[in-house]
Structure formats: C-alpha cells, structure tokens
C-alpha cells in the first residue's frame with residue numbers, strides 16, 4: 320500500500336485501486352489512465368435528502384451514466400444489539416423498537432416472538448393479545464407504505480404526494496398515541512402480550528380510518544398512475560428480476576414485484592395470520608412501477624386484515640396468565656405517556672407486601688429465560704425481518720441479532736443502477752424503501 324496524492328493505493332489483478340477518503344477527486348483519479356478525465360467519482364450522501372437517510376453512495380460516472388455504485392452504510396449505527404445484552408428481556412423492547420423507526424411495532428413483534436419461543440409460551444399468548452398485535456402491525460404497515468409513497472413521490476417530482484402521505488400517516492400515529500401513549504418507538508408489544516389494552520376511542524378511530532383511507536388511495540392513483548412523468552421515471556427503471564432477488568436475499572415488495580408471491584404471513588404464519596383472509600399482491604415488471612403497484616395493493620390488503628381483526632377483538636386478557644412474566648402488570652396512559660396506574664401503585668404500596676416485593680424483583684431483575692437459541696422471521700413492510708436470540712439462562716439476552724431487510728436489500732443497488740442514468744439511482748434506491756436506522760442498528 321502506497322500513498323498517492325490524497326489516497327492510499329494498491330495494485331490488483333484488475334488495475335490500481337484507490338481508497339478514497341476525501342480531497343481533490345481530480346488528483347486522485349487523474350493518474351489511472353488517459354481516459355480518466357471522462358470519468359468522475361462523486362459522493363451521493365450521506366447528507367443527501369434523496370438517499371432516504373444517512374446512506375452514502377459512491378458513484379463512478381461517465382457523463383450521466385453510472386458505471387459503478389458502492390453503497391456505504393454505518394452512519395446511523397446506534398449499538399442497539401449490543402445494548403440489549405445489558406438490559407433485561409422486557410427492557411429489550413424499548414431498544415429494538417428504535418431500529419427501523421418507520422416500522423417500530425414489527426421490530427417489537429419479532430423480538431417478542433423470539434423471547435416467547437425461548438420461554439416456551441408461544442401457545443399461551445391470549446387470543447386478544449394476538450389480535451391486537453395483528454391489528455397494530457397492519458396499521459403500521461400502512462403507515463410505513465404511506466411514508467414510502469410520500470418520499471418517493473417527492474424524489475420523483477410529485478411534491479403534493481409528500482404532503483398527502485404524511486397527512487394520512489398522522490391519522491395512524493394518533494391511534495398509536497391514544498393506545499400506547501407514544502406516536503413512535505412505542506415498546507407496546509412485550510414478551511407475553513401487549514402493555515395496554517386498546518381503548519374504545521381508538522377502536523372508533525380505526526373504524527373511521529377504514530372508511531377514510533380507500534378514498535384517498537384512489538386520489539393518489541388518479542394523481543400518479545396516469546401521469547406521464549411518473550410513468551417515465553418508474554416503468555422499466557431499476558429492474559431486478561426474481562433470479563437477482565433470490566441470489567441477493569432480497570425480500571418484501573421488491574421480491575413480490577418480480578413475480579414471486581413470498582409473504583411470511585402466508586408461507587410461515589405467526590400471530591394467527593393463517594385465520595385471516597387476504598391476498599399477496601404481485602407484479603411481473605420487476606421495476607419501480609411494479610413496486611409502486613405492489614405497495615398500493617398491500618395497503619388495501621392491510622385494510623382488509625384490520626377490518627377482520629376489529630371483528631375478532633373479543634374481550635379477554637392481553638397478557639399471559641403467568642405473573643412471573645407478565646410485567647408490568649398494571650399500566651395506564653396519562654398525559655406524560657404510559658406508566659404504572661396509580662391504583663396499582665396504591666395497592667402494592669398500601670395493602671400487599673408480597674405484591675410489592677414481587678413487583679420490585681420483576682422490575683429490577685426481570686424474569687429468567689431458559690438457555691437456548693431461536694430464529695424467528697416475520698413479514699416486515701420491507702421484507703423478512705429475522706431475530707436470532709440467544710439465552711444463557713439469565714435475566715438478559717446473551718446475544719440478539721436482527722436480520723433487517725433494509726440492510727440486505729441495499730446490496731441490490733449496484734445491480735439495479737449500474738449502466739443506468741444518475742437520475743435512476745434515486746428512483747431505484749427509493750423503490751427499495753431502505754430505513755437506515757434498521758440497516759445500521
């Protein structure tokens with residue numbers, strides 16, 4: 320390795336390779352070959368508004384044609400997985416919910432299902448808790464797809480779509496806030512059930528939303544689908560066929576837009592999804608247009624599931640019966656979020672010393688999970704979210720690793736973008752719907 324100009328360089332069988340960390344790009348690339356003045360190397364990101372967060376793409380261009388793309392990740396690394404090793408199993412939900420911040424309930428669901436599998440209590444989760452989980456995951460899927468539609472619309476020139484998408488998402492966040500006390504990063508799903516029952520006022524809002532959103536989806540399609548600019552920017556752009564998807568482990572709407580109806584809610588059901596009637600939308604174009612069509616159709620299918628979940632929402636417990644796991648036992652939503660209800664605090668402080676001791680031990684130490692390891696996968700808005708959890712028999716995880724779909728899907732950018740125009744890098748990257756919080760964790 321030698322130093323030349325601003326970059327270290329080394330010889331390989333394919334020519335000289337530079338490790339570029341900034342500086343004068345002309346000086347760096349000028350010594351490669353006489354044609355190098357026709358090539359430019361540019362950084363897109365990590366501060367670029369169209370790379371969906373702090374994603375950095377190092378692009379090599381000849382004119383406006385992209386000859387090479389190198390995605391660079393890690394700018395939003397938060398150490399979530401490592402932090403889990405220093406918290407008890409219940410506290411873990413407050414960390415995983417912050418990974419993919421546009422789909423927090425899916426992070427929580429994957430983690431809780433893994434912990435419950437380690438505990439051996441999967442079959443003990445109550446019907447109402449499972450129904451609430453399905454209900455809120457599908458609302459979260461809709462809100463996530465609305466953000467995708469909003470941001471992709473803005474990046475391709477449809478500024479109005481940005482405003483409308485976030486307007487409709489706000490309706491869902493209000494429902495989340497009314498139930499869990501928080502708009503995002505809820506820590507609402509807990510190992511053993513959910514932290515708080517759904518109030519009647521939230522149920523009414525959900526029913527109103529089921530009437531409201533279909534009309535808006537029709538407006539989005541009227542605005543975008545027939546628009547010639549939208550069609551030119553999406554049809555035949557960033558093509559990735561089913562073979563390419565499978566070779567790189569790409570899942571979710573991108574895989575389904577290439578024609579393969581792979582949806583874990585159907586192929587490997589969890590939380591009772593096998594009892595719901597819904598279709599798995601697919602397309603055959605394998606391009607940005609197909610991914611747009613699939614996501615719109617998925618919003619409609621999620622609305623169908625939400626309606627069925629509301630009809631199934633029968634009265635009953637929302638946590639497993641085992642009081643050694645069901646922590647915290649009594650919660651209430653107040654002006655400052657969710658916490659122990661005043662009635663419960665008054666009872667354990669004033670009437671029952673045993674309850675106070677139990678509460679103290681459970682909150683400070685947590686429950687023990689038998690030794691073992693599991694892998695649980697769920698259908699996240701961006702693809703397969705897998706959680707590999709390892710327990711050594713203690714009160715906190717030995718190791719938790721998340722297979723985040725944004726991280727896996729991002730490796731498809733070079734396959735989609737190389738040989739295409741610079742503008743199509745934006746459309747192709749947006750069509751993957753990456754969320755860097757989940758990618759970098």
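Residue numbers (this note's numbering): 320 to 760. For every residue, glycine included, the Cβ atom is placed at its ideal position computed from N, Cα and C. Fair warning: this is a prediction, and the values are worked out from it, not measured in the lab.
### Message
Since residue 746 and residue 607 should fall inside the 8 Å C-beta cutoff, what is the C-beta to C-beta distance between them, to a whole number of angstroms?
### Response
So it is a contact: roughly 5 Å between Cβ atoms.
#### Entry: Under 9 Å between C-beta atoms of residue 686 and residue 408
With respect to the 9 Å criterion, residue 686 and residue 408 are classified as neighbours on the basis of their beta carbons.
### Query
Grouping DSSP H, G and I as helix and E and B as strand, with all else coil, what is residue 342?
Low local confidence applies: a pLDDT of 49 at residue 342 is under 50, so the model's placement there is unreliable, with the coordinate-based value given in what follows. DSSP, reduced to helix, strand and coil, places residue 342 outside both helices and strands of the structure shown, so it counts as coil.
### Query
Between which two residues does the alpha helix (DSSP H) carrying residue 473 extend?
Secondary structure note for residue 473: its alpha helix (DSSP H) is the uninterrupted segment 446-474.
### Message
Between residue 528 and residue 589, how many whole angstroms is the CB-CB distance? I'm expecting something under 8 Å.
### Response
Separation of the CB atoms of residue 528 and residue 589 is rounded to 24 Å, and the pair is thereby denied contact status at 8 Å.
### Query
Contact check, residue 728 vs residue 573 under 8 Å by CB: the rounded distance?
With 8 Å as the limit, residue 728 and residue 573 qualify as a contact, their Cβ atoms being about 6 Å apart.
### Query
In chain order, what residues of the same chain have a beta carbon less than 6 Å from the beta carbon of residue 372, not counting five sequence neighbours either side?
Around residue 372: 755.
### Task
Work out the CA separation of residue 558 and residue 501 for me, nearest whole Å.
Approximately 38 Å, taken between the alpha carbons.
### Query
Does the distance from the C-beta atom of residue 477 to that of residue 546 stay below 9 Å?
In this structure, residue 546 lies closer than 9 Å to residue 477 by Cβ.
### Query
In the DSSP assignment, what residue or residues form a beta bridge with residue 708?
Looking at the DSSP output, residue 708 sits in a beta bridge with 693 and 719.
### Message
Would residue 465 and residue 618 be called neighbours here (beta carbons separated by less than 9 Å)?
### Response
Taking 9 Å as the Cβ cut-off, residue 465 and residue 618 qualify as a contacting pair.
### Message
Am I right that residue 638 and residue 512 are in contact with their C-beta atoms under 8 Å? What's the rounded C-beta distance?
### Response
Distance from residue 638 to residue 512 at the Cβ level is roughly 4 Å; contact confirmed, criterion being Cβ atoms closer than 8 Å.
### Query
So which of 357, 397, 543 and 449 has the shortest CA-CA distance to residue 382?
The candidate whose alpha carbon is nearest that of residue 382 is 357.
### Query
In whole angstroms, what separates the C-alpha of residue 375 from that of residue 719?
Each residue's Cα considered, the two are about 27 Å apart.
### Query
Are the CB atoms of residue 473 and residue 425 nearer to each other than 9 Å?
Contact flag unset, no.
### Task
Could you spell out the range, first to last residue, of the alpha helix (DSSP H) harbouring residue 426?
In the DSSP assignment, residue 426 falls within the alpha helix (DSSP H) that extends over 423-438.
#### Entry: Environment of residue 603 [buried if 16+ CB atoms lie within 10 Å]
Residue 603 is exposed by the Cβ-count criterion.
### Exposure label - residue 553; buried when at least 16 CB within 10 Å
Residue 553 is buried by the Cβ-count criterion.
### Query
If you run the structure through DSSP and keep just helix, strand and coil, what is residue 621?
Residue state, collapsed to three classes: helix.
### Query
From the DSSP output, which residues share a beta bridge with residue 529?
Residue 529 is not bridged to any residue.
### Task
Tell me whether residue 361 is buried or exposed, calling it buried when 16 or more other Cβ atoms sit within 10 Å of its Cβ.
By the neighbour-count rule (16 or more Cβ atoms within 10 Å), residue 361 is not buried but exposed.
### Query
Just how far apart, CA to CA, sit residue 458 and residue 486?
The alpha-carbon atoms of residue 458 and residue 486 are separated by roughly 15 Å.
### Task
Name the two residues that bound the continuous alpha helix (DSSP H) containing residue 662.
If you look at residue 662, you'll find it in the alpha helix (DSSP H) that goes 661-669.
### Task
Return the chain-ordered list of same chain residues with a C-beta closer than 6 Å to the C-beta of residue 740, the five sequence neighbours on each side being excluded.
These residues qualify, in order along the chain: 383.
### Query
Would residue 616 pass as a contact of residue 598 if the rule is Cβ separation under 9 Å?
In this structure, residue 598 lies closer than 9 Å to residue 616 by Cβ.
### Query
Tell me the DSSP bridge mates of residue 760?
Note: residue 760 sits in no beta bridge, so no partner.
### Query
Just reading off the alpha helix (DSSP H) that residue 415 is part of, what are its end residues?
For residue 415, the uninterrupted alpha helix (DSSP H) run begins and ends at 411-415, by DSSP.
### Query
Using the C-alpha atoms, what's the distance from residue 367 back to residue 534?
The straight-line gap from Cα to Cα measures roughly 33 Å.
### Task
Measure the C-alpha to C-alpha separation of residue 594 and residue 585 and round it to an integer number of angstroms.
The C-alpha of residue 585 is placed about 10 Å away from the C-alpha of residue 594.
### Query
Whose C-alpha, out of 448, 463, 759 and 514, is nearest the C-alpha of residue 422?
Selected option, being the one with the closest Cα: 463.
### Query
Which whole-angstrom value is the C-beta distance of residue 378 and residue 391, which I expect to be below 8 Å?
Actually they are not in contact, since the Cβ atoms of residue 378 and residue 391 sit about 11 Å apart, beyond 8 Å.
### Message
Quick check on DSSP: helix, strand or coil for residue 559?
### Response
The DSSP-derived three-state label of residue 559 is coil.
### Query
Can you pull the DSSP bridge partners for residue 335?
Answer is 330, bridged to residue 335.
### Opening and closing residue of the beta strand (DSSP E) in which residue 377 lies
Here the beta strand (DSSP E) through residue 377 covers 375-381.
### Task
Classify residue 384 as helix, strand or coil using the three-state DSSP reduction.
Strand at residue 384.
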